[in-house]
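Residue numbers for the first sequence follow this note's numbering, so the first one is 86 and each next one is one higher.
Note that CB positions come from ideal geometry on N, CA and C, so glycine has one too.
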Amino acid sequence: MLQVSFIRENRQQIVEGLKKRVWSEDQMNILDQIIVLDDKRKEIQTEHDDILSKINTHSKTIGELFKSGKQGEANALKTTVTELKNMSAGLEENMKSTKSGLDELLFQVPNIPNQLVPSGNSDEDNEVFKDLVGDLPDLGAEAKPHWDLVNEYNMIDFALGVKITGAGFPLYMGKGARLQRALVQFFLDEAGDAGYLELNPPFIVNEASAIGTGNLPDKEGQMYHVTNDNFYLIPTAEVPVTNIHREEILAEGDLPKKYTAFSPCFRREAGSYGAHVKGLNRLHQFEKVEIVQMVHPSKSYEVLDEMLNHVEGILKKLELPYRILRLCGGDLSFASALTYDFEVYSGAQKRWLEVSSVSNFETFQSNRMKMRFKDGDGKKHLVHTLNGSALALPRIMASLIENNQSSDGIIIPEVLRKYTGFDIIN
RNA sequence: GGAGAAUUGCUCGAGUGGCUUAAGAGGUACGCUUGGAAAGCGUAUGUACCCCAAAAGGGUACCGGGGGUUCGAAUCCCUCAUUCUCCGCCA
86 MLQVSFIREN RQQIVEGLKK RVWSEDQMNI LDQIIVLDDK RKEIQTEHDD ILSKINTHSK
146 TIGELFKSGK QGEANALKTT VTELKNMSAG LEENMKSTKS GLDELLFQVP NIPNQLVPSG
206 NSDEDNEVFK DLVGDLPDLG AEAKPHWDLV NEYNMIDFAL GVKITGAGFP LYMGKGARLQ
266 RALVQFFLDE AGDAGYLELN PPFIVNEASA IGTGNLPDKE GQMYHVTNDN FYLIPTAEVP
326 VTNIHREEIL AEGDLPKKYT AFSPCFRREA GSYGAHVKGL NRLHQFEKVE IVQMVHPSKS
386 YEVLDEMLNH VEGILKKLEL PYRILRLCGG DLSFASALTY DFEVYSGAQK RWLEVSSVSN
446 FETFQSNRMK MRFKDGDGKK HLVHTLNGSA LALPRIMASL IENNQSSDGI IIPEVLRKYT
506 GFDIIN
């Protein structure tokens, strides 16, 4: 969420930014309401602190009066304090509702898009930042989509997943399961080599963590909620990992913090049915290796490029044709200032599949989480947080299976063979 | 799941209603001392918000979270979380 002080001082810049997110004039009014409520909050606090101060002084006096035996004076003063306390209670109530009103408004304001973000309403307006790297596979007319191939080679059983749980929970088997594990291992090794500390975080988080990363309150319906304990199944490892330093003040020398984590990801997003969500294209449970960084604000865009390079390196090693999109304002996630999506080409479906999303959140998450660092002068600043998928498994599997199909079977890319222990699935 | 004990600042740790402006120790920073270091001595050392044009200064809140009793709570009560010990169950 944005800081009120930032809203006060950069109104014009914010309005320009929100226009890219297709905000109406009506919605812009929220900005003014925020400032009005914040003014009110200050006014109430000044008044309230003043009363509390008087109560504190009087209480001390009462103690002294009792000690010196002046019961009458003490009791008179007690009455005064009681009156002050009534006033204080009223102000406190007012403060509470003002603050929650203010938060409610602040939660509605998304991050301000970076200058580079193109305006636009939907994914059709995304900018192709880097077009096709690699060659589109030439599979011929009899190319099969991955959902047929995984069936043919007994790699994944979707029907059993439905039996056990429901749609969107595939069961990987044999070489399918092994290939998946090989990819995870490969991704983690790549991240480790790039200096990310490997973590194995909790896959269920509490409410505070979900709020910290911006998954609550906005996207409650997208997460699985464990109501008995008020916990949430993570939609991505970004949630537990980014929350590691929630409400912390780091030393400037501690930055950057670089973390990587493998996790299953759970997403409710009760989807539509049809070809574009068929097979591995969209799931309720999938696996992903995530990279996360907490960095000095002056470095965050440099680091964003570094993360892009990291993801590109992996896709090149896997020999998958890919392209990079720069998301437009309308497609940008709520918390992000700039996002690049990676898409790989899936040869039989003949379409691009999103396999990674790399974002700079600037201070949007760190402000919610109160994640700061102290500079040499002892001044505190919010860190910038970034994260990216490196990578999400199912669509990598889908394109890898489709693109590498041959009359002999599915050819395993060279780089994975030491992890799989086999070079073909047939 | 049951019974008991605990949670205090950067760390350890004292603190059973006003004498706490949270003792004391350690750590850290700076200064003094020294040929240099150590020791010693001195000073400082949290977070958030508010007042003030700013600085200086002042105020409020914070002793695991939330609520309550009281003129006054780290201290008493309720509740939740976490940690430890024992019992039960368990991969």
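Status (buried if at least 16 other CB within 10 Å, exposed otherwise) for residue i
i: PRO195; result: buried
i: ALA262; result: exposed
i: SER444; result: buried
i: TYR312; result: Here residue 312 is Thr; the residue named in the question, Tyr, does not match the sequence. With fewer than 16 other Cβ atoms within 10 Å, it is exposed.
i: LYS342; result: buried
i: LYS465; result: exposed
i: HIS231; result: buried
i: LEU245; result: exposed
i: ASP426; result: buried
i: ALA226; result: exposed
i: LEU318; result: buried
i: ALA293; result: exposed
i: LYS127; result: exposed
i: VAL121; result: exposed
i: VAL213; result: exposed
i: GLU499; result: exposed
i: THR327; result: buried
i: GLY251; result: exposed
i: LYS152; result: exposed
i: GLU275; result: buried
i: ALA161; result: exposed
i: GLU110; result: exposed
Nearest candidate by alpha-carbon position, reference residue i, set the options
i: SER204; options: LEU485, GLY415 and GLU237; result: GLY415
i: ASP134; options: HIS381, ALA422, GLY175 and PHE254; result: GLY175
i: GLU178; options: TRP232, ASP111, ILE129 and HIS395; result: ILE129
i: SER348; options: ASP314, SER474, ILE510 and THR505; result: SER474
i: PRO325; options: MET308, PRO286, GLY338 and PHE316; result: PRO286
i: TYR309; options: GLY297, PHE288 and THR298; result: PHE288
i: LEU501; options: ASP188, LEU268 and ASP220; result: LEU268
i: ASP303; options: LEU190, GLN97 and LYS152; result: LEU190
i: ASN291; options: GLU397, ASN394, ASP314 and GLY186; result: ASP314
i: ALA433; options: ARG411, PRO382, GLY364 and LEU368; result: GLY364
i: SER207; options: GLU101, GLU391, VAL107 and LEU393; result: VAL107
Spatial neighbours of residue i in its chain, beta-carbon cut-off 6 Å, leaving aside the 5 residues before and after
i: LEU150; result: GLU158 and ALA159
i: VAL429; result: LEU405, TYR407, LEU438, VAL440 and SER484
i: SER431; result: LEU438, ALA483, SER484 and GLU487
i: LYS145; result: none
i: GLY277; result: GLU283
Beta-carbon gap between residue i and residue j smaller than 8 Å
i: LEU335; j: VAL468; result: yes
i: LEU478; j: LEU403; result: no
i: VAL374; j: PHE449; result: no
i: LEU389; j: LEU417; result: no
i: VAL380; j: LEU340; result: yes
i: ALA483; j: PHE446; result: no
i: PHE351; j: GLN378; result: no
i: THR345; j: LEU284; result: yes
i: CYS413; j: ASP210; result: yes
i: ASP242; j: LEU256; result: yes
i: ILE136; j: LEU169; result: yes
i: ILE92; j: ILE119; result: yes
i: GLN490; j: LEU116; result: no
i: LYS260; j: ILE481; result: no
i: ASN472; j: GLU323; result: yes
Spatial distance of residue i from residue j (CA atoms)
i: ILE147; j: THR183; result: 33 Å
i: ILE497; j: GLU487; result: 11 Å
i: GLU354; j: GLY306; result: 7 Å
i: LYS248; j: ASP508; result: 31 Å
i: ILE409; j: SER138; result: 59 Å
i: LYS503; j: ASP493; result: 20 Å
i: LEU103; j: ASN141; result: 46 Å
i: LEU301; j: ARG453; result: 11 Å
i: ARG331; j: ASN239; result: 44 Å
i: ARG96; j: ILE495; result: 56 Å
i: ARG457; j: LYS435; result: 45 Å
i: GLY71; j: GLU94; result: Because the chain spans 86 through 511 in this model, residue 71 falls outside it and cannot be assessed.
i: GLY70; j: LEU368; result: Only positions 86 to 511 of the chain appear in the structure, and residue 70 is not among them; the question remains open.
i: ARG411; j: SER385; result: 17 Å
i: PHE192; j: GLY299; result: 9 Å
i: PRO382; j: ASP233; result: 47 Å
i: PHE316; j: ALA295; result: 9 Å
Residue i: CB within 7 Å of a non-hydrogen atom of the ligand ZN
i: SER294; result: Questions concerning the ligand ZN fall outside what the structure shown contains, since it holds no ligand whatsoever.
Own chain residues within Cβ distance below 7 Å of residue i, not counting five before or after
i: LYS105; result: PRO198, VAL202, SER204 and GLY414
i: ALA279; result: HIS395
i: TYR281; result: LYS343, TYR344, THR345 and ILE376
Close-in-space but distant-in-sequence residues of the same chain around residue i (CB under 8 Å, 5 per side omitted)
i: GLY461; result: GLU337
i: MET258; result: ASN239, MET240, ILE241 and ASP242
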